[in-house]
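Since the structure comes first, as structure tokens, the remarks are kept for the end.
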Amino acid sequence: MTDKEQLTHIQNNNLHQISNISIEIPIINESPTTETIIKQNTHSKLLYLDGLRGILCLIVVFSHSILMGKTTHEENFSIFFRSWIQHSPLRLFLAGEFAVAGFFVLSGCVLVRRYFEHSNNIHILIGGLIRRFPRLFVPSTIALLCYFSIFHFRPFYGYNECHEIGEGTVNIEEINLGYALLNTFGQYFWMPALYTIQWTMQIEFIFSILIYFIAFLVTRSFIYRYRIIIYILLIFILPIVWLVSHENIPRPVQYLQPFVFGIFLSDLDANGLLNFCHTMKRYWLILIKIILILLTIYFGSYPVFNPSTTNPILGMT
């Protein structure tokens, strides 16, 4: 074998060895599955709900500031204001009842979301029940004591300020610190709220317990397949009671619908029944969102009428 033939043989052997070497290149841009995307977006969804909660808070603030503010020209302002705002979409920004119902929907949706994702973990419900009252009690107590201090010591007022409690009117000076401290706890069970805008605290707490009970009930094996029917019956219990009671609806029944609707949405989302939205065409998804926004503006801005007066009230809370 000549030198040239030997060199050619060595080159062929090297090429054969190189061809047998497998090179593994990691795939960096592997597209994640839909379930992975949903889990990654869980935190952003909760942040989105926090943003929606902030918008509802602003609506309540606008409602109380504009519609319930005591000014010198209240009657003139009322006559001028109500004549055009009640038929305007801008009424949505003053729809206090609509915003409160939105709060209740969010409560029903958020409180049981984690439990629906882990339906066999009863400790989630127990932990939620234990934490629920302190989460409501601490901020509401601070707000109530601040309110009592301002109206009792009157740092900004030089006259007796009367305050509405329940269905009556009580002089704030007749309420002592002991009553205020008792009301921090009693307003959740048997007492009317001293700070009247906290009337929702009792409803929030009582219906939170009911929400956890309903969530536990519908995840039982003998009821789970019929849970949608239960949701529908609970949602339509309000118009049924409205017809039977001749338009006299008890407050607990009046605010049952938003909580149940929130549980219903949470159940659908946690079980992946709303995942079809991720596979829809972009223009269809945008169209559906626009329709939902328009329906929200229409129904949210619809005037609420008080039968005891001739003028419609604009969603006072």
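Numbering (numbering that gives the first Met the number 0), first residue to last: 0 to 316. Idealized CB from N, CA, C, for every residue including glycine.
CA-CA distance, PHE97 to THR278, rounds to 32 Å. The DSSP-derived three-state label of LEU272 is coil. Your pair GLN197 and ALA269 does not check out as a contact, with CB atoms roughly 31 Å apart and the cut at 8 Å. By the Cβ criterion, the segment 285-293 is not in contact with the segment 230-245, since fewer than three pairs of Cβ atoms, one from each stretch, lie closer than 8 Å.
The beta carbon of LEU273 is closer than 6 Å to those of LEU267 in its chain, skipping five residues each way along the sequence.
C-alpha of ARG224 to C-alpha of ALA214: approximately 13 Å in a straight line.
Around LEU216, the same chain offers ILE222 as residues with beta carbons nearer than 7 Å, after the five sequence neighbours per side are excluded. Cα atoms of CYS56 and SER139: separation of roughly 15 Å, rounded to the nearest angstrom. For ILE234, same chain residues with a beta-carbon under 8 Å away, outside a window of 5 residues either side, are GLN256, VAL259, PHE260, PHE263 in chain order.
Each residue's CA atom was taken as its position, placing ILE121 and TYR187 some 25 Å apart. Contact between ASN182 and LEU193 holds, since their C-beta atoms are separated by about 4 Å, short of 8 Å.
Look at the segment 217-304 and you find these whole runs of alpha helix (DSSP H), each 4 residues long or longer: 226-234, 236-243, 250-253, 255-269, 281-299.
In this structure, PRO88 and SER300 form a Cβ contact; the two beta carbons are roughly 5 Å apart against a cut-off of 8 Å. Between ILE208 and TYR254, the C-beta gap is not smaller than 8 Å, which leaves the two residues out of contact. Per DSSP, reduced to three states, the secondary structure at MET200 is helical.
THR295 counts as exposed, since fewer than 16 other beta carbons sit within 10 angstroms of its beta carbon. Under the 10 Å beta carbon count, ILE228 is surrounded by fewer than 16 other beta carbons and is classified as exposed.
The C-beta distance from ARG131 to ILE123 rounds to 12 Å, too long to fall under 8 Å, and the pair is not in contact. In this structure, MET190 lies away from LEU135, with their beta-carbon atoms at least 8 Å apart. Judged by their CB atoms, LEU110 and GLY126 are not nearer to each other than the 8 Å cut-off. For the set ARG52, PHE212, TRP83, THR195, the Cα lying nearest the Cα of LEU105 is the one of ARG52. Less than 8 Å separates the beta-carbon of ALA94 from that of ILE58.
Look at SER62 here: in three-state DSSP terms it is helix. Boundaries of the alpha helix (DSSP H) around ASN182: 176-185. Excluding five sequence positions before and after ILE65, the CB atoms of its chain that fall closer than 7 Å to its own CB belong to LEU93, given in chain order.
In this structure, the straight-line span from the alpha carbon of SER265 to that of HIS151 is close to 43 Å. Bounds of any alpha helix (DSSP H) do not take in HIS117, whose DSSP letter is neither H nor E.
No residue range can be given for PHE92, since it is assigned to no alpha helix (DSSP H) and is classified by DSSP as neither H nor E. The shortest CA-to-CA distance from LEU180 to any of ILE210, PHE206, VAL137 is the one to VAL137. Put simply, of TRP83, SER62, PHE204, LEU284 the residue whose alpha carbon is nearest the alpha carbon of PHE103 is PHE204. In this structure, VAL252 sits near ILE236, with a CB-CB distance shorter than 8 Å.
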